[in-house]
Amino acid sequence: MLQGTNIEHAKALNRRVILEAVRRSGPITRADLARLTGLTAQAVSNISAELAEAGLIREGALRRGQRGQPATEISLDPQGGFAIGLNLGHQTLSGVLVDLAGDVVATESRPLAQVVLPLETLVDEMEAAVETLLQRAALPRAKLWGVGCGLPGLVRNGVLTVETMMAGVQDLQYPLAEVLSARLGLPVIAENDARAGAIGERLHGVGRVARHFFYLHFGLGTGGGMVVAGEHYRGGSGGAGEIGHMIVKPGGRPCSCGNRGCLEQYVSIYAAAEAVSGPDRVPDSVRMEELAERMAARDPLLLGWIADAAPYLRLAIHNIEVMFDPETVVIGGDLPDTVRDALISETEPLLPSVHPDAQRQLPRLSLARAQDMPALGAAALPISIMVQPSLDLLWKSRPTEGNAKLSQAQTVLGSR
Ligand SMILES: [Zn+2]
């Protein structure tokens, strides 16, 4: 049932609507903002004054119209807030620090000793990555709005609990976001790595030219996320796009999810590592550099895996397209570029399309614009949760002690 809202809530919602409109369409005049949002000129004027007071937007150049007084353009103030995105990839923890406009201010990449880390060690590594990023950006902690984390496995209730298949333990509930938040004294939001990657592609990659796409991610597992009509689609429980568990071979290899024949069992970094590691090594000991070297040397074991994996990937792409008619399927993640390229070549030609489109602007399959998309997408989480207009995603965490700027922004945006 639809819920009513009180006046204070409505004010906060309108502030978010204006901020989102400035983010998407700025620099923009107040008159254009009023037209775009359906709010009155007076409301736009009041709200933009409040947002400017909180340091979230700033006034820019005068724009001379066809008639009447010249109007001031307002835009997002990139210095108004900062966020960090971390991504736990295959043997690497990567991180980015971005400003309110989403521009990268600092980056960090930490090689990890093992594929599967004890969770406490992972939290230590994440804390160290945050400290390094703050130092590199020469930014005080009080300027941070929060930390977003891209994590493999099933991440539900992104804000609080991680239900993970890491450490080989199924059904383990580890509140990673809560633990890291307590350590850092900052809000922490966790999201599945592939869905964070889809958010990254939406903001920084193919999302600039496509409104409907699927992002397929090679990380610790194989996952996916989808952008529908320009928005990241989460599904009923936040798990939409879990492509690694699409069954491509009924009765096939057993999977950690309890089913058999899931895509991830054939098309994943683990499956590639298993194919090349031989009987005397564990697949987890295969590093990405080794896969790149084997690719350069045209190693028959790796080429054999690509030949075996391609038909399953072809089926998965077909099923994605049938269900969802994306403009393109973007392939990203930690698999070396040369191996991804070879896998894509082997997967083509794709099965005949049931949505043939002579006007197609993008190839049916494409490579992600950057390997760090999950970290970029994760960095967008603390910002987008605070500014996006949907009130069901209102940020529930407490403001950080002493973080005056953040508290002010939270007050203005109605998230406390
Ligand atoms: Zn499965």
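The opening residue of the sequence shown carries number 1176 in our numbering; numbering runs sequentially from there.
A virtual CB, placed ideally from N, CA and C, is assigned to each residue, including glycine.
How far does the beta strand (DSSP E) with residue i in it extend, from its first residue to its last?
i, result
"Tyr1593", "Residue numbering for the chain in the displayed model covers 1176 to 1591; residue 1593 lies beyond these limits and cannot be assessed."
"Ile1259", "Phe1257 to Leu1263"
"Pro1486", "Counting along the chain, Pro1486 falls outside any beta strand (DSSP E), though it belongs to the alpha helix (DSSP H) covering Pro1475 to Phe1499."
"Thr1282", "Val1279 to Pro1286"
"Ala1236", "Ile1232 to Arg1238"
"Glu1248", "Ala1246 to Leu1251"
"Ser1269", "Thr1267 to Asp1274"
"Leu1351", "Here Leu1351 belongs to no beta strand (DSSP E); instead the alpha helix (DSSP H) covers Leu1351 to Leu1359."
Whole-angstrom Cβ separation of residue i and residue j, contact assumed at under 8 Å?
i, j, result
"Val1457", "Leu1476", "So it is not a contact: roughly 16 Å between Cβ atoms."
"His1392", "Gly1277", "With a Cβ gap of about 20 Å, His1392 and Gly1277 do not count as contacting."
"Gly1372", "Pro1549", "4 Å"
"Glu1300", "Leu1326", "Actually they do not touch by this definition, with Cβ atoms about 12 Å apart."
"Val1442", "Tyr1408", "Actually they are not in contact, since the Cβ atoms of Val1442 and Tyr1408 sit about 22 Å apart, beyond 8 Å."
"Val1461", "Ala1448", "4 Å"
"Glu1302", "Leu1355", "7 Å"
"Gly1323", "Pro1557", "6 Å"
"Thr1204", "Glu1248", "6 Å"
Sorted by chain position, which residues of the same chain lie with C-beta nearer than 6 Å to residue i's C-beta, five sequence neighbours on each side aside?
i, result
"Val1334", "Residue placement at Val1334 is poorly supported in this model, since its pLDDT is 43, which falls under 50; the coordinates are not used for a value here."
"Lys1424", "Gly1436"
"Val1416", "Rather than Val, the amino acid found at residue 1416 in this sequence is Gly. These residues qualify, in order along the chain: Gly1399, Gly1400 and Met1401."
Nearer than 7 Å: is that true of the beta carbon of residue i relative to any heavy atom of ligand 1?
i, result
"Cys1324", "no"
"His1392", "no"
"His1407", "no"
"Glu1439", "yes"
"Asn1434", "yes"
"His1493", "no"
"His1420", "yes"
Ordered along the chain, which non-local residues of its own chain (more than five positions away) have a Cβ less than 8 Å from that of residue i?
i, result
"Ala1185", "none"
"Asp1500", "His1387 and His1530"
Spatial neighbours of residue i within its chain, please: C-beta separation below 7 Å, excluding the five flanking residues on both sides.
i, result
"Ser1250", "Val1197, Gly1201, Pro1202, Ile1232, Arg1233 and Gly1235"
"Met1176", "Caution is warranted here: a pLDDT of 43 is assigned to Met1176, below 50, making its placement in the model unreliable, and the coordinate value is therefore given only provisionally. Excluding residues within five positions, none has a Cβ falling inside 7 Å."
"Arg1489", "Thr1522, Leu1525 and Leu1526"
"Asn1494", "Met1421"
"Pro1538", "Thr1503"
"Ile1444", "His1265, Phe1393, Asp1509 and Leu1510"
Terminal residues of the continuous alpha helix (DSSP H) containing residue i?
i, result
"Ala1448", "Ile1444 to Ser1452"
"Ile1374", "Asp1368 to His1379"
"Leu1297", "Leu1294 to Ala1312"
"Met1401", "Looking at the DSSP string, Met1401 is not in any alpha helix (DSSP H); the run it does join, the beta strand (DSSP E), is Thr1397 to Val1403."
"Leu1540", "Looking at the DSSP string, Leu1540 is not in any alpha helix (DSSP H); the run it does join, the beta strand (DSSP E), is Leu1540 to Leu1542."
- Message: Does the region 1459 to 1476 come into contact with the region 1405 to 1422, if we say contact requires no fewer than three beta-carbon pairs (one atom in each stretch) closer than 8 Å?
- Response: The region 1459 to 1476 is not in contact with the region 1405 to 1422.
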